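Peer 1:
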Amino acid sequence: MTRLLIKLRTLADIGPRRLLRRLRYELRQHLDRRLPPPLGLSLAGATGAIPSWRPLPTEVAPIDPPPGPTAPGLPAAIRFNFLNDERCLPWPICWNDPSWPRLWQFNLHYFDWARHWLEQAISEGAWPEEANALEPLIDHWIVANPAGRGDGWHSFTLSLRTRNWIRLFQTCPTLATSVRLQSLWQQLCWLQAHPEHCHGGNHWLENLTALAIAGLQFDGPQANAMHRRAMDLLQPELASQLLADGGHEERSASYHLLMLDRLIELGAALQARNSESPYWLLQAVNAMTAWAEAARLEKGGFPRFNDSVIETRLPTFSPATPAPLSDLASTGWTLIRPGHGWELVFKCGVPCPRHLPPHVHSDLLSFDLFHHGLPVLAEAGTSVYGSGPDRLYERSGAAHNVLQLGSIEGSQIHWIEPVEVWGGFRAGRKANPLDRACGQHEAGSFWVTGSHDGFKRYGASHLRRIELKVRSQGLLLLSLNEQISCRRPMAWRQWWHLGPNLPEDLLNPLFQQLNQLGPVDVSWHNTWFSTGFGQRQPRRSLCFSGQLPPGEHEIIQLVPLPITAVSDAPSLAGKPVRQHP
10 MTRLLIKLRT LADIGPRRLL RRLRYELRQH LDRRLPPPLG LSLAGATGAI
60 PSWRPLPTEV APIDPPPGPT APGLPAAIRF NFLNDERCLP WPICWNDPSW
110 PRLWQFNLHY FDWARHWLEQ AISEGAWPEE ANALEPLIDH WIVANPAGRG
160 DGWHSFTLSL RTRNWIRLFQ TCPTLATSVR LQSLWQQLCW LQAHPEHCHG
210 GNHWLENLTA LAIAGLQFDG PQANAMHRRA MDLLQPELAS QLLADGGHEE
260 RSASYHLLML DRLIELGAAL QARNSESPYW LLQAVNAMTA WAEAARLEKG
310 GFPRFNDSVI ETRLPTFSPA TPAPLSDLAS TGWTLIRPGH GWELVFKCGV
360 PCPRHLPPHV HSDLLSFDLF HHGLPVLAEA GTSVYGSGPD RLYERSGAAH
410 NVLQLGSIEG SQIHWIEPVE VWGGFRAGRK ANPLDRACGQ HEAGSFWVTG
460 SHDGFKRYGA SHLRRIELKV RSQGLLLLSL NEQISCRRPM AWRQWWHLGP
510 NLPEDLLNPL FQQLNQLGPV DVSWHNTWFS TGFGQRQPRR SLCFSGQLPP
560 GEHEIIQLVP LPITAVSDAP SLAGKPVRQH P
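Now the structure itself:
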């Protein structure tokens, strides 16, 4: 019954209008898979004359495409590496295989790998050897993926692949054969007829930016209409999806930077084609860039809240010095940089848009601590998508540096998730932030505090306050104050997740400070720190747990963290692990 209620709350948050759009989208997908491809293309408006292709201006020097296979025929196999998962696919390659992880298959259809080959050719003056199969791969994709069949015709993969093909055809004009341009135009018409506005978020922005860019590359009324329609939809959508602090509404650094990249590419295309720079687009790019500068950690990393990965990097060309205290209030992130390379990120804010929970984690009031960009206390991160226990764990409170409360039901404890994550990309009830504030004392210490209403229905509340101060030789004093109120007996547990390769004794000072609440159980767990999709490094996680009688309670903890104990640890290395509590 509880699981059913969570699902019903998820549907209620999505709302009837988006549910109706989603139903229409799914029915259309179901129908397309059963229609003859020519009929599907006709319904998408993808038949008839193809608009003429607009090459780049003559002052832009084209480059020669890769020479093709060096030996007669084609290579016996082609190697691809996505999401840290390398596969050698025999020729002719299979574009859709149910045994592959779906995200890996999506990456195969993106043709991002072809764009990487192009970027290497531009920067190094020579194509990589594997790019010799580029033209056969494009042509084989066209033949092996009829309209409406397989993940290659999913609106999201269409958005990425069409942008990549456009870039390839622009830079290497001889690639733009009539057959390939016809396929490209058909894909764009299909994308326009299958919008992902039912999903919203980054998917809808990917659709719109792809169509806006594509409409500039073809000539004639159809292409112009495609471009103008996409631009007209994009302007209000950006105004809706961008938060007041410049962050993207999904509150993931990875997706924020991806959307910023798309907008910059669109801006460059508008300037090159029409000498046009819409003010609203410049505003969005500037706001998102300012957010990225404020959220950027030392060495170019970013906070890993929600679905984000450690590889997320911002180029280090910016000379800006980050502020000691940055509060991204709408995003719900506070960054404290007290000096000597220490950086703490605290999360207290709206977890995600109510209608858009795919990338949210149950991590309210969690914090991560870094030293010169390396994790000292850090959440598990994101190493896998889809459904399954690993994905559920990485989204749960137990994978983050949080204090959890549990409802005692006989001999069982039901741990309460302030964000009720379920499935691979769903969430039911989502707690609201309360009492968020931050500041700096005259003595040089910093503080941040926050609460939420996720325990209210159980008659309980939790307020967390963190203070940071750096003393001589870079010693960091981290003070953690937990204030808990409950009207009935509650279970509690508190997680401290060490960074990879850090010793357990770094947290020894905590063991002398827990006599405030009576008996406390202490346990160490083998968990992981994600360094990317499919990549995990082993680390140790400390858990304190116990039970609270009704009343007001306080836990005060002070952890001194010397630079030497952190800087002497090896860099991120080790074998992947698959363990969690």
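Here the sequence shown is numbered in this note's numbering, starting from 10 and rising by one per residue.
Using N, Cα and C, we set each Cβ at its ideal position, and we do this for glycine too.
Source: prediction; values computed, not measured.
With DSSP as the reference, label P569 as helix, strand or coil.
Peer 2: Of the three classes helix, strand and coil, the one that applies to P569 here is strand, per DSSP.
Peer 1: Any beta carbon from chain C within less than 8 angstroms of G468's own beta carbon?
Peer 2: Absent from the structure: chain C. Only one protein chain is present.
Peer 1: What is the rounded straight-line gap between the Cα of L143 and the Cα of I102?
Peer 2: L143 and I102: Cα-Cα distance of roughly 13 angstroms.
Peer 1: Let me confirm a value: H450 is counted as buried when at least 16 other C-beta atoms fall within 10 Å, else exposed. Which label applies?
Peer 2: Counting Cβ neighbours within 10 Å, H450 comes out exposed, since fewer than 16 surround it.
Peer 1: Do I475 and W505 have their C-beta atoms closer together than 8 angstroms?
Peer 2: No, the Cβ-Cβ distance between I475 and W505 is not below 8 angstroms.
Peer 1: Starting from N295, follow the alpha helix (DSSP H) in both directions and report where the run begins and ends.
Peer 2: Run containing N295: Y288 to A304, per the alpha helix (DSSP H) assignment.
Peer 1: Expressed to the nearest angstrom, what Euclidean distance is found between the alpha-carbon atoms of K16 and E418?
Peer 2: Using only the alpha carbons, I get a separation of about 22 angstroms.
Peer 1: Could you tell me whether the Cβ atoms of A221 and H236 are closer together than 8 angstroms?
Peer 2: In this structure, H236 lies closer than 8 angstroms to A221 by Cβ.
Peer 1: Buried or exposed: where does E352 fall if 16 or more other Cβ atoms within 10 Å of its Cβ makes it buried?
Peer 2: So E352 counts as buried.
Peer 1: Once the 5 residues before and after Q492 are set aside, which same chain residues still bring their CB inside 6 angstroms of it?
Peer 2: The residues are L472 and E563.
Peer 1: Within the continuous beta strand (DSSP E) that includes S439, where are the two ends?
Peer 2: Sequence inspection shows Lys at residue 439; the Ser mentioned does not correspond to that position. Unbroken beta strand (DSSP E) run through K439: R435 to K439.
Peer 1: So, are the CB atoms of K478 and G453 less than 8 angstroms apart?
Peer 2: Cβ distance < 8 angstroms, so K478 and G453 count as in contact.
Peer 1: Hey, could you find the ends of the beta strand (DSSP E) W501 is sitting in?
Peer 2: Run containing W501: M499 to H506, per the beta strand (DSSP E) assignment.
Peer 1: For the region 507-562, which segments carrying the beta strand (DSSP E) assignment without a break, of at least 3 residues, lie completely within its bounds, in sequence order?
Peer 2: Counting whole runs of 3 or more residues, the region 507-562 contains the beta strand (DSSP E) stretches 530-541 and 544-557.
Peer 1: Between A299 and L337, how many whole angstroms is the CB-CB distance? I'm expecting something under 8 angstroms.
Peer 2: With a Cβ gap of about 10 angstroms, A299 and L337 do not count as contacting.
Peer 1: Spatial neighbours of M499 within its chain, please: C-beta separation below 6 angstroms, excluding the five flanking residues on both sides.
Peer 2: Same-chain partners within the cutoff: L414, A469 and L557.
Peer 1: Measuring straight from C-alpha to C-alpha, what distance separates L28 and L20?
Peer 2: Approximately 8 angstroms between the Cα atoms of the pair.
Peer 1: What residue ranges within the region 473-497 form continuous beta strand (DSSP E) runs of no fewer than 3 residues, ordered along the chain?
Peer 2: Correct list: 485-495.
Peer 1: Excluding the 5 residues flanking T343 on each side, which residues of the same chain have their C-beta closer than 6 angstroms to its C-beta?
Peer 2: Same-chain partners within the cutoff: D336, F355, C447 and V457.
Peer 1: Quick one: give me the first and last residue of the beta strand (DSSP E) that F165 is part of.
Peer 2: It is not in any beta strand (DSSP E) - F165 instead sits in the alpha helix (DSSP H) that spans S164 to T180.
Peer 1: For P47, tell me which candidate among N154, F115 and R497 has the shortest Cα-Cα distance.
Peer 2: Closest by alpha carbon: N154.
Peer 1: Over what stretch of residues does the alpha helix (DSSP H) that includes P25 continue unbroken?
Peer 2: Counting along the chain, the alpha helix (DSSP H) containing P25 begins and ends at P25 to D41.
Peer 1: Out of G348, G395 and W199, state which residue places its alpha-carbon closest to the alpha-carbon of T330.
Peer 2: When only C-alpha atoms are compared, the closest one is G348.
Peer 1: Within a Cβ cutoff of 6 angstroms, which residues of the same chain sit near P137, ignoring the five residues on either side of it in sequence?
Peer 2: Only W126 and Q129 meet the Cβ criterion.
Peer 1: Is the region 245-252 touching the region 286-300 in the sense that three or more CB pairs, one from each, lie closer than 8 angstroms?
Peer 2: Contact between the region 286-300 and the region 245-252 is present, because at least three Cβ pairs lie under 8 angstroms.
Peer 1: Which class does V369 belong to by DSSP, given the choice of helix, strand or coil?
Peer 2: Residue state, collapsed to three classes: coil.
Peer 1: Pull up the distance between the alpha-carbon of P384 and that of P569, whole angstroms please.
Peer 2: Approximately 16 angstroms, taken between the alpha carbons.
Peer 1: Taking only the alpha-carbon atoms, compute the straight-line gap between L112 and G543 and give it to the nearest angstrom.
Peer 2: So the alpha carbons of these two residues sit roughly 11 angstroms apart.
Peer 1: Closer than 8 angstroms is the cut-off here; do at least three beta carbon pairs connect the region 169-181 with the region 88-105?
Peer 2: Cβ pair count under 8 angstroms is below three, so no.
Peer 1: Could you tell me whether the region 403-410 touches the region 369-382, using the rule of 3 or more Cβ pairs below 8 angstroms?
Peer 2: Yes, they touch.
Peer 1: Starting from A86, trace the beta strand (DSSP E) both ways and give me its first and last residue.
Peer 2: Element bounds for A86: A86 to F91.
Peer 1: Assuming D377 contacts P312 under a Cβ cut-off of 8 angstroms, what Cβ separation, rounded to an integer in Å, is found between them?
Peer 2: Indeed they touch by this definition, with Cβ atoms about 7 angstroms apart.
Peer 1: On the three-state DSSP scale, how would you describe R445?
Peer 2: In this structure, R445 counts as strand in the three-state DSSP scheme.
Peer 1: Would you say R218 and L272 are within 8 angstroms of each other, going by their C-beta atoms?
Peer 2: Per the sequence shown, residue 218 should be read as Thr rather than Arg. Yes, the Cβ-Cβ distance between T218 and L272 is below 8 angstroms.
Peer 1: How many whole angstroms separate the CB atoms of P64 and L184, which I take to be in contact at a CB cut-off of 8 angstroms?
Peer 2: That pair is no contact at about 11 angstroms.
Peer 1: Less than 7 angstroms between C-beta atoms, sequence neighbours within five positions excluded: which residues of the same chain meet that for S339?
Peer 2: Here the set comprises L252, A253, D254 and G256.
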